[in-house]
Structure formats: structure tokens, C-alpha cells
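Some notes on the structure that comes next.
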Amino acid sequence: MPFETMPTHQVELALWLEADRMGSLLAALDEESMENQRDVVKNERRQRYDNVPYGTAFEKLTALSYPEGHPYHHTPIGSMADLDAATLEDARAFFRTYYAPNNAVLSIVGDIDPEQTLAWVEKYFGSIPSHDGKQPPRDGTLPEIIGEQLREVVHEEVPARALMAAYRLPHDGTRACDAADLALTVLGGGESSRLHNRLVRRDRTAVAAGFGLLRLAGAPSLGWLDVKTSGGVEVETIEAAVDEELARFAEEGPTPEEMERAQAQLEREWLDRLGTVAGRADELCRYAVLFGDPQLALTAVGRVLDITADEVREAAAAALRPDNRAVLVYEPIEPAEDAEEATDAPEGADK
5 MPFETMPTHQ
15 VELALWLEAD
25 RMGSLLAALD
35 EESMENQRDV
45 VKNERRQRYD
55 NVPYGTAFEK
65 LTALSYPEGH
75 PYHHTPIGSM
85 ADLDAATLED
95 ARAFFRTYYA
105 PNNAVLSIVG
115 DIDPEQTLAW
125 VEKYFGSIPS
135 HDGKQPPRDG
145 TLPEIIGEQL
155 REVVHEEVPA
165 RALMAAYRLP
175 HDGTRACDAA
185 DLALTVLGGG
195 ESSRLHNRLV
205 RRDRTAVAAG
215 FGLLRLAGAP
225 SLGWLDVKTS
235 GGVEVETIEA
245 AVDEELARFA
255 EEGPTPEEME
265 RAQAQLEREW
275 LDRLGTVAGR
285 ADELCRYAVL
295 FGDPQLALTA
305 VGRVLDITAD
315 EVREAAAAAL
325 RPDNRAVLVY
335 EPIEPAEDAE
345 EATDAPEGAD
355 K
């Protein structure tokens with residue numbers, strides 16, 4: 005998603021820049037620029053995925069959580085093989101299909117003159133032709149429950165053992181998804197959460213424990229559990245404690261204090277997102293693209309605050325179960341040894 009953050013008096017310049025990108029980039033896309041950007045994305049993948057501890061966890065878990073052929077089975081950045089296979093014509097066809105006014109939402113936030121701004125929008129974007137050929141999104145619906153525990157063990161050079169899990173949760177935009185968000189916040193949203201108190205503070209079996217929601221439209225969302233173990237603690241110990249806490253929560257639900265704290269935390273996060281012009285523009289675009297109504301961004305927190313403790317407990321009981329998760333276990337291995345030093349150094353060489 006392209007964006008610009010500019011002083012108010014440079015709104016026209018920002019609109020000209022974005023219109024130029026949409027209207028003329030195709031003419032500038034040649035083999036040289038394609039190879040340059042291919043290398044940029046490859047380097048981004050190395051920095052964010054391949055060369056950092058636990059960096060490939062997200063793509064491994066999404067591949068486990070969503071079956072082959074599902075729209076979310078692969079991460080957007082793709083593999084190195086995908087990046088190598090992309091051709092110049094692939095890039096041109098994608099641009100022609102998707103980077104067009106009839107497939108774009110333009111959000112402008114700030115101390116602007118609406119009438120003048122709309123006139124500039126028409127001036128710079130009005131002559132850009134629309135494009136056909138966009139395919140409808142593939143059906144992403146899946147059963148509510150995975151039905152079994154999917155599991156993968158990864159042996160890598162990582163600082164500590166880790167337990168990561170993805171639970172299948174309701175679609176974004178539903179009341180059930182908001183209830184699940186509150187459940188995960190109580191269980192793993194910060195240092196006052198149940199899992200942090202149990203694993204990090206009380207048992208001291210973990211150095212970090214978090215549980216968050218990845219909201220997805222058109223497909224089940226994911227509840228993302230991430231626990232890094234302490235010292236030589238085995239993952240089985242962590243997993244047993246997590247399951248015990250989830251089962252207790254599914255039976256008892258949150259306390260009134262936990263509900264109040266979780267709702268306040270989500271409200272604060274919502275206010276943070278809307279507290280800057282860039283954040284507000286992003287939220288307006290998201291709700292316009294996914295739900296066809298940008299105004300929903302301004303009322304989202306009200307729906308969260310309307311959820312009851314019973315709904316939170318029911319959401320946890322329905323989804324936070326061992327037969328509804330994909331599990332990733334990291335087991336550290338020793339770093340690869342440097343090349344062995346020569347044992348028969350040349351005569352006279354420094355010892």
C-alpha cells in the first residue's frame with residue numbers, strides 16, 4: 005500500500021506523486037528495474053525471515069494452518085524460488101490488473117480543504133484509465149475447527165527453545181472475533197496476562213509469553229501463541245502449563261477485573277492507531293477495502309466494549325483447544341563450526 009506523509013501545504017504534491025506512480029509506473033517497468041526490485045525484495049526476505057532467529061515461524065505456521073491451495077497458505081513475500089520465477093510480464097500484468105483507480109481506495113487525512121483536495125484528486129487521478137481482468141478472490145472459508153493438532157519441529161540456530169501455535173478463530177468483522185480478541189488479551193496480552201503471570205513470573209519456565217490475534221477477512225483469523233523457554237526447560241512442560249491455563253479459562257472465563265483491563269487495553273490500542281494522521285488514514289482504508297465502509301474504523305472500539313464476559317469464555321471454549329491448532333516447536337542446535345584450522349601450517353607461519 006503506497007502512502008505519503010506530507011505537510012498540509014504539500015497535499016497537492018503528494019497527490020501528484022501517487023497519481024504519477026499509478027499512471028506511469030508501467031512505462032518505467034523494464035528488465036533493469038525489475039531485477040533491481042527483485043534483489044530488493046530478496047534482501048528484505050533475508051533480513052526479515054531467513055537470517056533472524058525464528059524468522060520463518062510465521063510462514064511455517066500459516067502453511068500448517070491453511071491447507072494447500074488456500075489463499076493464506078503462502079505469505080505475500082513468497083519464497084526465493086517464487087521471486088526467481090517472476091517474469092517482467094508477470095509484473096506488468098499484475099500492475100495493469102490491480103494498480104488502477106477502479107481497484108483503489110484513496111484516504112486523505114489532515115487539516116485539509118475538502119473541496120480543493122477533491123478538485124486535485126480529480127485533476128491528477130481523473131485521467132488514469134481503469135483496468136479489467138481482476139479475478140474475484142478465492143473462497144477462503146474453512147471449518148470452524150481444524151479437527152486435529154498439526155505439528156512441526158524445527159531444529160535451527162535459535163537462542164532458546166520456543167513453543168508457537170496458531171489457533172483457528174472467527175473471521176474479522178464478527179462479534180465472535182471481537183470476543184476472541186478479548187480472550188487472547190486476557191490470556192497473553194502483556195505482563196498482566198495469565199500466561200505471563202504463570203510461565204514467566206510464577207513458574208519461571210519462560211522468558212516471554214504472548215498471545216495475540218491476527219485478524220483476517222474472508223478466512224478464519226489466527227490466535228498466535230508465542231512462548232520462549234527459560235534455560236533448559238523442555239517445551240512439553242510449557243505446553244502442559246498453557247493447556248492447563250486455557251482449559252481453566254474456558255471453564256471459568258475472565259474475572260470482572262480482567263475484562264475491564266482487557267477492554268481498556270484494546271481501547272488504548274485503537275486510540276493509538278487513530279492518534280496520527282497516518283494511522284487514521286490506514287484504518288479508514290482497511291475498513292473501506294475489507295468491509296466497504298470506512299466509518300466502521302471510528303466505531304470499532306464500541307463493538308469491543310459491548311462484548312460480555314460470557315461471550316469471551318464461550319469464544320475461548322470453542323476455539324482454544326488442542327484439536328484446533330497448528331504447533332511449531334523450535335529446538336536449538338549448535339552453531340556451525342568455522343572452517344577447521346590447518347594442522348600443518350607452512351613453516352615459519354605464526355602460531
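Counting in the numbering used here, the sequence shown runs from 5 upward without gaps.
Each residue gets a CB set at the ideal place from its N, CA and C atoms; glycine is no exception.
Close Cβ partners of residue i (< 6 Å) along its chain, the five nearest in sequence each way excluded
i, result
"Ile81", "Arg49"
"Arg155", "Val331"
"Glu315", "Ala183"
"Leu294", "Ala221"
"Val281", "Val113, Gly114"
Per-residue DSSP class, three states only, for residue i
i, result
"Ala108", "coil"
"Asn328", "strand"
"Val333", "strand"
"Leu199", "helix"
"Ala210", "strand"
"Gly352", "Because Gly352 sits at a pLDDT of 41, beneath the cut-off of 50, its placement in the model cannot be relied upon, and the point is left open."
"His78", "coil"
"Gly236", "coil"
"Ser131", "coil"
"Ile116", "coil"
"Met84", "helix"
"Pro141", "coil"
"Pro297", "Going by the sequence as given, residue 297 is Asp instead of Pro. Three-state result, Asp297: coil."
"Phe7", "coil"
"Pro147", "coil"
"Asn40", "helix"
"Thr312", "coil"
Contacts around residue i, its chain only, beta-carbon distance under 8 Å, and the 5 residues preceding and following it disregarded
i, result
"Glu345", "Because the pLDDT of Glu345 is 44, which lies under 50, any placement of that residue in the model is unreliable, and the number read from its coordinates should be weighed accordingly. Closer than 8 Å at the Cβ level, and outside the excluded window around Glu345, lies no residue."
"Glu152", "Asp327"
"Gln269", "Thr189, Gly193, Gly194"
"Val15", "Ile112, Gly114, Ile116, Thr121, Trp124"
"Ala223", "Tyr70, His74, Pro75, Tyr76, Gly144, Thr145, Leu146, His175"
"Glu8", "Ala18, Leu21, Glu22"
Same chain, Cβ closer than 7 Å to residue i, neighbours up to 5 away in sequence not counted
i, result
"Glu184", "Looking at the sequence itself, residue 184 is Ala, so the reference to Glu does not match. So the qualifying residues of the chain are Leu173, Pro174, Leu217, Gly227, Ala319, Ala323."
"Asp342", "Any reading at Asp342 must be qualified, since the residue scores a pLDDT of 47, below 50, and its modelled position is unreliable; the value itself is stated next. Correct list: empty, nothing qualifies."
"Asp297", "Tyr291"
"Trp20", "Tyr128"
"Leu300", "Tyr291"
"Met168", "Ala61, Leu65, Leu229, Asp230, Leu332"
Backbone CA spacing between residue i and residue j [nearest angstrom]
i, j, result
"His159", "Glu240", "16 Å"
"Trp274", "Ala285", "13 Å"
"Tyr102", "His78", "19 Å"
"Ser28", "Asp143", "33 Å"
"Ala31", "Glu22", "15 Å"
"Arg205", "Ala212", "10 Å"
"Val237", "Thr209", "6 Å"
"Thr60", "Pro133", "39 Å"
"Leu17", "Arg165", "50 Å"
"His200", "Glu262", "14 Å"
"Arg219", "Cys181", "8 Å"
"Pro163", "Asp230", "14 Å"
"Gly283", "Ala313", "29 Å"
"Lys232", "Ser225", "23 Å"
"Ala353", "Phe62", "Because the pLDDT at Ala353 is just 41, under 50, the model does not fix this residue reliably, and the value given afterwards should be weighed accordingly. Their backbone Cα atoms lie some 49 Å apart in a straight line."
"Glu148", "Gly279", "35 Å"
"Met84", "Thr91", "14 Å"
"Leu186", "Val157", "29 Å"
"Arg52", "Leu309", "35 Å"
Check: residue i C-beta below 7 Å from any heavy atom of the ligand NAP
i, result
"Thr66", "For the structure depicted, the ligand NAP is absent and the ligand set is empty, with no information on it obtainable."
Sheet register partners of residue i (DSSP bridge)
i, result
"Gly216", "Trp228"
"Leu173", "Ser225"
"His159", "Glu335"
"Leu167", "Val231, Val333"
"Leu154", "Ala330"
- Query: Counting Cβ pairs closer than 8 Å, one from the stretch 89-108 and one from the stretch 27-41, do we hit at least three?
  - Reply: A contact exists between the stretch 89-108 and the stretch 27-41.
- On the three-pair Cβ rule with 8 Å, is the stretch 31-38 touching the stretch 128-139? The stretch 31-38 vs the stretch 128-139: no contact.
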